[in-house]
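For the sequence shown, this note's numbering begins at 18 and goes up steadily by one.
All residues carry an ideal CB built from backbone N, CA and C; glycine is no exception.
Below is one structure, written out as structure tokens; comments come after it.
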Amino acid sequence: MTSVQAHTPALTSRLPKVGTTIFTIMSALAAETGAVNLGQGFPDFDCDPSLVNAVTAAMQVGHNQYPPMPGVPALRQAMADKMLALYGLRCDPATEVTVTAGATQAIFTALLAVVHPGDEVIVLEPCYDSYVPNIELAGGVAVRVPLTPGSFRPDFDRIAAAITPRTRALIINSPHNPSGMVWSEADMLRLQELLAPTDVLLISDEVYEHMVFDGQAHQSAARFPGLAARAFIVSSFGKTYHVTGWKVGTVVAPAPLTAEFRKVHQFNVFTVNTPVQHALAHHMANASSYHGLPAFYQRKRDLFRAGLGNTRFRLLPSEGTFFQCVDISDLAVPERDLSEGAFCQWLTREVGVAAIPLSAFYGNGFDQHTVRFCFAKRDDTLNEALRRLARL
Ligand SMILES: Cc1ncc(COP(=O)(O)O)c(C=O)c1O
């Protein structure tokens, strides 16, 4: 018998700057300390039971094997119907709609499909934490353009200045995580005009499309022909149907873009959970399943904001998403002078409510004394958090 010295080869990390995400850290701290977790963005209430029943039914009738690579036809058709009904976009479910393992995989796959080594991809900071590592894994270079501090509105002069002959794509996100800012029709028209003379592709992350408040309409890239013609429009059933753990989403893109997208998709995940796709297709036939969402979340936003109105947190607008950002500068406690990250740790440990520092959404850790709460929670959870925050 020969004896070998077992050793694990050392790696040079492809993502040397990436560690444990702030969401994991804060959720773990919340669990450890018994804090109310308003950090990570997921509901603490269940989905419509009929959706769970529909998954069970799909499994019982034998929808348990690989579906077609781009997704179950009924779900792609339901998505195409929705794009037409809500945004006036006519898309072909056979060649322009693909079902993905959530929005995260959709965005990553789109980047892998279009970015060549050295290509630049513009992100607007603060932004969702997967974008930049995804760009880098695709061999691209992330070009970070800040949204206007305070308002988080797009700064088109800065976006225009960031576009170079190397720019392959721009990622936008409205309604916006973390700020809750919503792009207006004028913003989208301005973007359409800006991109018109370029070959820059658009990745439009619209996972909060059904959470837009105060009677505003979601300005999907699908509404703007000049944008839709160059866009991967990304949706997430996890957000829409309170099932973030199911990880199912879609990408709508013109046929030539979808063809490239699917080349990567088929050798990445290949297909996505079959019974869940059948259940979602069945559930989507009832449009009230998403038409009621703005009112549902607006009530929670108003409840949470009214409670925070009794504190010294300065409330930023929350026009959409299920996030409320607050400026901590006016708090009466000395911890208001801590960094956002240290403040969130203190808030979790000492006040018993977990939040997320906005600095986590910037490459350079930009600190503006602002933290994000998630109000996708049961009323009793929100009321308990408000009771604990009342002393601030
Ligand atoms: C802006 C944004 N994009 C994408 C995602 C991920 O969506 P999914 O769970 O469908 O991958 C999230 C989830 O928090 C998000 O906030």
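(Q) Taking contact to mean 3 or more Cβ pairs, one atom from each stretch, closer than 8 Å, check whether the segment 138-157 and the segment 177-195 are in contact. (A) yes
(Q) With the cut-off set at 8 Å, would you say Leu375 and Pro195 are in Cβ contact? (A) Residue numbering aside, residue 375 sits at position 358 when the sequence shown is read from its first letter. Residue numbering aside, residue 195 sits at position 178 when the sequence shown is read from its first letter. A contact, by the Cβ cut-off of 8 Å.
Q. Taking the runs of the beta strand (DSSP E) that are 3 residues or longer, which of them lie wholly in the segment 197-261?
A. 218-222 and 248-253
**Q.** C-beta atoms of Gln283 and Gly243 nearer than 8 Å
**A.** For the purposes of this step, residue 283 is taken as the residue at position 266 of the sequence shown. For the purposes of this step, residue 243 is taken as the residue at position 226 of the sequence shown. No, these two residues do not count as a Cβ contact at 8 Å.
Q | Val224: CB within 7 Å of a non-hydrogen atom of ligand 1 | A | As a working mapping, residue 224 is identified with position 207 in the sequence shown. Yes, the Cβ of Val224 comes within 7 Å of a heavy atom of ligand 1.
Q: Figure out for me which residue from Phe169, Arg170, Ala127 and Gln385 has the closest Cα to the Cα of Ala155.
A: Your numbering for residue 155 matches position 138 in the sequence shown. Out of Phe169, Arg170, Ala127 and Gln385, Ala127 has the C-alpha closest to the C-alpha of Ala155.
Q.
Assuming contact is defined by CB atoms lying nearer than 8 Å, are Ile176 and Leu211 in contact in what I supplied?
A. Taking the sequence shown and counting its residues from 1, the one referred to as residue 176 is at position 159. Taking the sequence shown and counting its residues from 1, the one referred to as residue 211 is at position 194. Taking 8 Å as the Cβ cut-off, Ile176 and Leu211 qualify as a contacting pair.
Q | Ile42, DSSP secondary structure in three states | A | For this step, residue 42 is matched to residue 25 along the sequence shown. Correct three-state label for Ile42: helix.
Q | the segment 107-119 in contact with the segment 317-330 per 3-pair CB rule at 8 Å | A | no
Q) Taking 8 Å as the CB-CB limit, is Phe383 close to chain D? A) The structure shown contains no chain D; it is built from a single protein chain.
Q) Do the CB positions of Ile124 and Ala377 come within less than 8 Å of each other? A) Translated into the one-based positions of the sequence shown, residue 124 becomes position 107. Translated into the one-based positions of the sequence shown, residue 377 becomes position 360. No, the pair does not count as a contact, with Cβ atoms beyond the cut-off.
**Q.** Any non-hydrogen atom of ligand 1 within 7 Å of Asn194 CB
**A.** Mapped onto the sequence shown, residue 194 falls at position 177. Yes - ligand 1 has a heavy atom lying nearer than 7 Å to the Cβ of Asn194.
Q) With distances taken from CA atoms, which of Arg395, Glu153, Pro163 and Val132 is nearest Ala179? A) Walking along the sequence shown from the start, residue 179 turns up at place 162. The option with the nearest alpha carbon to Ala179 is Pro163.
Q. What is the DSSP secondary structure of Ala302, reduced to helix, strand or coil?
A. Residue numbering aside, residue 302 sits at position 285 when the sequence shown is read from its first letter. Note: Ala302 maps to coil in three-state DSSP.
Q) Which term fits Pro192, buried or exposed, when burial requires 16 or more other beta carbons within 10 angstroms of its beta carbon? A) Here residue 192 is taken as the residue at index 175 of the sequence shown, counted from 1. With 16 or more Cβ atoms within 10 Å of its Cβ, Pro192 is classed as buried.
(Q) Using a Cβ-Cβ cutoff of less than 7 Å, which residues in the same chain neighbour Cys108 once the five nearest sequence positions on both sides are dropped? (A) Translated into the one-based positions of the sequence shown, residue 108 becomes position 91. Ala97, Met100, Val114 and Val269, listed in sequence order.
Q: Using 10 angstroms around the beta-carbon of Pro66, count the other beta-carbons present and answer buried if the total reaches 16, otherwise exposed.
A: In the sequence shown, residue 66 corresponds to position 49, counting from 1. With fewer than 16 Cβ atoms within 10 Å of its Cβ, Pro66 is classed as exposed.
Q: Whole angstroms is fine: what's the gap from Pro60's alpha carbon to Ser20's?
A: The residue you call residue 60 lines up with position 43 of the sequence shown. The residue you call residue 20 lines up with position 3 of the sequence shown. Going by the C-alpha atoms only, they are around 53 Å apart.
Q. Mapping DSSP to helix, strand and coil, what is Arg279?
A. For this step, residue 279 is matched to residue 262 along the sequence shown. Arg279: helix per DSSP, three-state reduction.
Q: Check the DSSP bridge columns for Ile152 and list the partner residues they point to.
A: Taking the first residue of the sequence shown as position 1, residue 152 is located at position 135. Answer by DSSP bridge pairing: none, since Ile152 is not bridged.
**Q.** Secondary structure of Ala127, DSSP reduced to three states
**A.** Against the sequence shown, residue 127 aligns to sequence position 110. In this structure, Ala127 counts as helix in the three-state DSSP scheme.
Q. According to the neighbour-count rule (16 or more other Cβ atoms, all chains shown, within 10 Å of its Cβ), is Asp216 buried or exposed?
A. Position 199 of the sequence shown, counted from the first residue, corresponds to residue 216. By the 10 Å Cβ count, Asp216 comes out exposed.
Q.
Please identify the residue among Met205, Glu153 and Asn285 whose C-alpha is closest to the C-alpha of Arg31.
A. Reading the sequence shown from its first residue, position 14 is the one you call residue 31. The residue with the shortest Cα to Cα distance from Arg31 is Glu153.
Q: Tell me whether Tyr145 counts as near ligand 1, meaning its Cβ is closer than 7 Å to at least one heavy atom of that ligand.
A: Locating residue 145 in the sequence shown gives position 128, where the first residue counts as 1. Tyr145 Cβ: within cutoff of ligand 1.
Q. Does the distance from the C-beta atom of Ala130 to that of Phe278 stay below 8 Å?
A. Taking the first residue of the sequence shown as position 1, residue 130 is located at position 113. Taking the first residue of the sequence shown as position 1, residue 278 is located at position 261. Yes, these two residues count as a Cβ contact at 8 Å.
Q: Could you check what DSSP says for Arg485 in three-state terms: helix, strand or coil?
A: Because the chain spans 18 through 409 in this model, residue 485 falls outside it and cannot be assessed.
Q: Enumerate, from N- to C-terminal direction, the unbroken beta strand (DSSP E) stretches of 3 or more residues contained entirely within the segment 333-383.
A: 340-344
Q) Any chance the CB of Thr121 is under 7 Å from a heavy atom of ligand 1? A) Residue 121 sits at position 104 when you count from the first residue of the sequence shown. Indeed, a heavy atom of ligand 1 lies less than 7 Å from the Cβ.
Q | Nearest residue (CA-CA) to Leu348, options Tyr307, Ala371, Leu406 and Pro292 | A | In the sequence shown, the residue the question calls residue 348 occupies position 331. Of the listed residues, the one whose Cα sits closest to Leu348 is Leu406.
(Q) Please tell me whether Ser343 and Thr387 are closer than 8 Å, where the distance is taken between their beta carbons. (A) Looking up residue 343 in the sequence shown gives position 326. Looking up residue 387 in the sequence shown gives position 370. One point to set straight first is that residue 343 is Val, not Ser, in the sequence displayed. Yes, these two residues count as a Cβ contact at 8 Å.
Q) In or out: Lys264 buried (at least 16 other Cβ within 10 Å) or exposed? A) Your numbering for residue 264 matches position 247 in the sequence shown. It counts as buried.
**Q.** Continuous beta strand (DSSP E) stretch holding Arg161: start and end
**A.** For this step, residue 161 is matched to residue 144 along the sequence shown. From DSSP, the beta strand (DSSP E) with Arg161 extends over Val158 to Pro163.
Q. Is there at least one non-hydrogen atom of ligand 1 closer than 7 Å to the beta-carbon of Gly266?
A. For the purposes of this step, residue 266 is taken as residue 249 along the sequence shown, with counting starting at 1. Gly266: yes, Cβ under 7 Å from ligand 1.
(Q) Would Met228 and Leu310 be called neighbours here (beta carbons separated by less than 8 Å)? (A) Looking up residue 228 in the sequence shown gives position 211. Looking up residue 310 in the sequence shown gives position 293. Yes, these two residues count as a Cβ contact at 8 Å.
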